[in-house]
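Sequential numbering from 24 applies to the sequence shown in my numbering.
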Amino acid sequence: MNNLGKRRKRAFCIFTVTIIAIVCVLFVGMIKTAAYNNKVHSSTISGSDLFSDEGATSEGLILKASTRSSTWSKAFDMNNEGISEHNFQAFTYDFAVKNSTKDEVSSFSFKLIFDHDIFLSSAWNGAVEIHQSVNGEKHEATIPDLRDYEPKDYDLYFYTVDGENFIPMESGDYIVYYPSSDANAMEMPIKPMEGTTPGFIIYVPMDESLDGSTLEIDYSFHRLITSEPLFWVSVFALIVWLMSIIVFVITSVQFRKYNERHERDNEIISESIETFTGFIDAKDPYTNGHSKRVAMYTKAIAKELGFEGEELDRIFYIALLHDCGKIGVPDNVLGKPGKLTDEEFEIIKSHTVRGGEILKSFKSIDCVGEGAIYHHERFDGKGYPEGKSGEDIPLIARMICVADSYDAMNTDRVYRKKLPQEQIIDEIEKNKGHQFDPEIADIMLRLIREDKLPGEEKEA
24 MNNLGKRRKR AFCIFTVTII AIVCVLFVGM IKTAAYNNKV HSSTISGSDL
74 FSDEGATSEG LILKASTRSS TWSKAFDMNN EGISEHNFQA FTYDFAVKNS
124 TKDEVSSFSF KLIFDHDIFL SSAWNGAVEI HQSVNGEKHE ATIPDLRDYE
174 PKDYDLYFYT VDGENFIPME SGDYIVYYPS SDANAMEMPI KPMEGTTPGF
224 IIYVPMDESL DGSTLEIDYS FHRLITSEPL FWVSVFALIV WLMSIIVFVI
274 TSVQFRKYNE RHERDNEIIS ESIETFTGFI DAKDPYTNGH SKRVAMYTKA
324 IAKELGFEGE ELDRIFYIAL LHDCGKIGVP DNVLGKPGKL TDEEFEIIKS
374 HTVRGGEILK SFKSIDCVGE GAIYHHERFD GKGYPEGKSG EDIPLIARMI
424 CVADSYDAMN TDRVYRKKLP QEQIIDEIEK NKGHQFDPEI ADIMLRLIRE
474 DKLPGEEKEA
């Protein structure tokens, strides 16, 4: 798989994992919102807190009861004792329920437990569930609107004074109020920072109040998913994700065009270099194709060393040009079948320096001249032209040295036939640490033994 394919595969994996993470965050936000909306909050508030100036607070609600001025009173003679003086006074009680959150209150109900005898006269808006005790007997009924109370319709004990019906409640009795959501009352839902105020008319004993009563309230909120922070985290992440895809698509198109152009440029460079090295190899029919074979062997060694991509291409081109200096060596010296004189050998040796001179203005490939100049240096320091040794010799030159020697032994030359594979292996083994870098020599030996050298045609 080429670099572009790897890049696309990696990007696909990243985008897939990212969108899954975004969906998970959104899902967690939805679960949190649903759990919040399904939660029933409960609170018990004493009458002293409820009727205080500040009221009482309970997880997002502010509850406050207030008493309007009393305007009338009546005489209640429950036991026919002849009571004629007014002994109960009427008050209008307002129970304000205010939402102090940014969410809606989706439902609420409250239970008002009385601490002494009272008479329930009226209530408005919501339904009232009455729990009454009379002489040890329990009576229960739910009245949708206490203003329309008809005693005959409910199993409740009632008391009539001056033609008006009252519902007596003893200490410990209680009422449950359920708010109305019809168009007239509009008690539910309670919008953020708004409230509703159920009201009751209750007769209490003279000089008494409801301060000793207790209120228990149950309520739930409805939170929109847009109020959940994780929702906006996921939305922001999704926007970034979409923008990243757009940027990736645009850059991928540009990268593909660049890659295609780069490949065309590489083809031009490769063809130009191969044409040039073809001129060099053509000077000696016995070494025809030598430069390209050495380049392929060097690239194979580099790959074993961990090089990849464009770096492998660079190494291939440097190796392809390693003998470019031979273009300046006379044909009669280069192709001489007999033993070279000392003067002729010096001419042959000069091809390394000549190669460096030829390539010094070639700036398109980094360190392109290192292969030409140093490929005849020896690991033990006895090579030429500078007598470098060990790792002072550039790595590319150490790789070319082994590849060049292998090809020289594996091809027919004017002065001898190519050597058998066993002898070539033996020569490389003997020269490890002398002519060759031991690590690179071992790699070359492994490639030979495992038949992994490119372009090799094995004998049947």
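Each residue gets a CB set at the ideal place from its N, CA and C atoms; glycine is no exception.
Per DSSP, the unbroken alpha helix (DSSP H) holding residue 397 starts and ends at 391-397. Look at residue 59 here: in three-state DSSP terms it is helix. Note on geometry: alpha-carbon atoms of residue 174 and residue 249 lie some 49 Å from one another.
The Cβ atoms of residue 382 and residue 344 lie closer than 8 Å to each other. For residue 147, DSSP records a beta bridge to 222. Secondary structure note for residue 200: its beta strand (DSSP E) is the uninterrupted segment 197-201. Counted as a single uninterrupted DSSP element, the beta strand (DSSP E) harbouring residue 182 occupies residues 182-184. Taking 8 Å as the cut-off, the beta carbon of residue 135 is found closer than this to the beta carbon of residue 238.
If you check the CB distance, residue 59 and residue 246 come in under 8 Å. Taking 4 residues as the minimum length, the alpha helix (DSSP H) runs contained wholly in the segment 341-400 are 354-357, 365-372, 374-382, 391-397, in order along the chain. An exposed status is given to residue 61, since fewer than 16 other beta-carbon atoms sit within 10 Å of its beta-carbon. Inter-residue distance for residue 223 and residue 154 is about 16 Å (C-alpha atoms, whole angstroms). Residue 118 places its beta carbon less than 8 Å from that of residue 88. Residue 97 has 111 as its beta-bridge partners, per DSSP. At a Cβ-Cβ threshold of 8 Å, residue 121 and residue 166 do not count as neighbours.
Per DSSP, reduced to three states, the secondary structure at residue 415 is helical. For residue 192, the enclosing beta strand (DSSP E) stretches over residues 187-192. Of the candidates 456, 156, 203, the residue whose Cα lies closest to the Cα of residue 178 is 156. Leaving aside the five residues that flank residue 68 on each side, the residues in its chain whose CB is nearer than 8 Å to its CB run, in chain order, 79, 81, 86, 237, 238, 239, 240. By the C-beta criterion, the segment 383-390 is judged not to be in contact with the segment 310-324, since fewer than 3 inter-stretch pairs fall below 8 Å. Rounded to the nearest whole angstrom, the CA to CA distance from residue 446 to residue 423 is 20 Å.
About 5 Å separates the CB atoms of residue 125 and residue 215; that is less than 8 Å, so the two are in contact. Setting aside the 5 residues that flank it on each side, residue 341 is surrounded in the same chain by 391, 394, 419, each with a C-beta closer than 6 Å to its C-beta; the list follows chain order.
Following the DSSP letters along the chain, one finds residue 320 in no beta strand (DSSP E) but inside the alpha helix (DSSP H) bounded by residues 313-327. The DSSP-derived three-state label of residue 123 is coil.
Burial is judged here by how many other beta carbons sit within 10 angstroms of a residue's own beta carbon; residue 108 has fewer than 16 and is exposed.
Residue 90 and residue 232 do touch by the CB rule: their CB atoms are close to 7 Å apart, below 8 Å. The residue from 380, 242, 195, 172 with its alpha-carbon nearest to that of residue 202 is 242.
For residue 117, the beta-bridge partners assigned by DSSP are 89, 222. Rounded to whole angstroms, residue 146 and residue 106 show a C-alpha spacing of 27 Å.
With respect to residue 70, residue 235 sits close: the two C-beta atoms are nearer than 8 Å.
Residue burial annotation: residue 94 is exposed, with fewer than 16 other C-beta atoms found within 10 angstroms of its C-beta. Excluding five sequence positions before and after residue 56, the CB atoms of its chain that fall closer than 6 Å to its own CB belong to 246, 248, 251, given in chain order. Put simply, the backbone Cα of residue 268 is about 8 Å away from that of residue 38.
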